[in-house]
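Straight run, no breaks: the sequence shown in the working numbering ends on number 313.
Glycine residues also receive a C-beta, built at the ideal position from the N, C-alpha and C atoms.
Computed from a predicted structure; not experimentally measured.
Here's the structure, in structure tokens; my notes come after.
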Amino acid sequence: MMKMMNLKHTAWIAAASLLAGGALRAAEQELAPLPLKLPVPAFMGTPTDMELGPHVEPLSETPRPPFLAPKGVKNLAAGKKVTSSDKSPITGTLDLVTDGNKEAADDAFVELHRRTQWVQIDLGQRAKIYAILIWHAHNTYQVYHDVIVQVSDDPDFTTGVKTLFNNDYDNSSGLGIGTDKEYFESYEGKLIDAKGVEGRYVRLYSRGSTYSALNRYTEVEVWGLPIK
Ligand SMILES: [Ca+2]
């Protein structure tokens, strides 16, 4: 009986100190909505003539709710160096991925060849990442395939790779089956909750869309805090 009480007591102290720790962290890190600047919507409403498979999330009819992150986070990808699996893009240049222009215009995206391709952003230093936003192409209704988002400290992504998002439900890109849903591109971009993951490099895969076999990237934002 005595032993049981001790155990309970110990458990209570552990729970109490966990709570206190949480409160302390919350005080240190005040949260605020991400100060996103969205592009002009190029189209509105729901497509009527597209058949949606079970892997596609229906288009939301309401704007995305504000995303809370620690106050002071910045888009660390702005103006940063971009590399790619495609050494000679069909249209545009890789710097368009981080140039800040995310409008649905013909000169705002880089277009990579067919099949699985990636773009990679070097944040220049390690960072704690809270949200990643992707605009492939929001000029028309389309769903991109095999969207996989990874973070690592290794520019070759051979070690320490953390996968934040993967909707490759049939493993056609060979990085493993993903359980995330496919989704429609829109002016809001796709927001991926990165939950404070740490790393220097962000890599984003895709394998064409319902609109085209090619891979467009209009803009990628990586919201976080540099690790000093
Ligand atoms: Ca751009």
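C-beta atoms of residue i and residue j nearer than 8 Å
i, j, result
"L218", "E306", "yes"
"Y296", "H223", "no"
"L299", "R149", "no"
"S294", "Q227", "yes"
"V236", "F250", "no"
"V158", "G309", "yes"
"L179", "S169", "yes"
"R292", "T147", "no"
Near ligand 1: residue i beta-carbon under 7 Å from a heavy atom
i, result
"L181", "yes"
"T178", "no"
"D184", "yes"
"T168", "no"
"K187", "yes"
"A190", "no"
"T147", "no"
"E196", "no"
"E304", "yes"
"A127", "no"
Rounded straight-line distance, which links the Cα of residue j to that of residue i
i, j, result
"P311", "G245", "18 Å"
"Y215", "P155", "8 Å"
"L208", "T183", "11 Å"
"K247", "V282", "8 Å"
"K313", "M135", "48 Å"
Contact belief for residue i with residue j at Cβ below 8 Å, rounded distance in angstroms
i, j, result
"V195", "Y302", "5 Å"
heavy atom of ligand 2 below 7 Å from residue i C-beta
i, result
"A163", "In the structure shown, ligand 2 is absent; the only ligands present are ligand 1."
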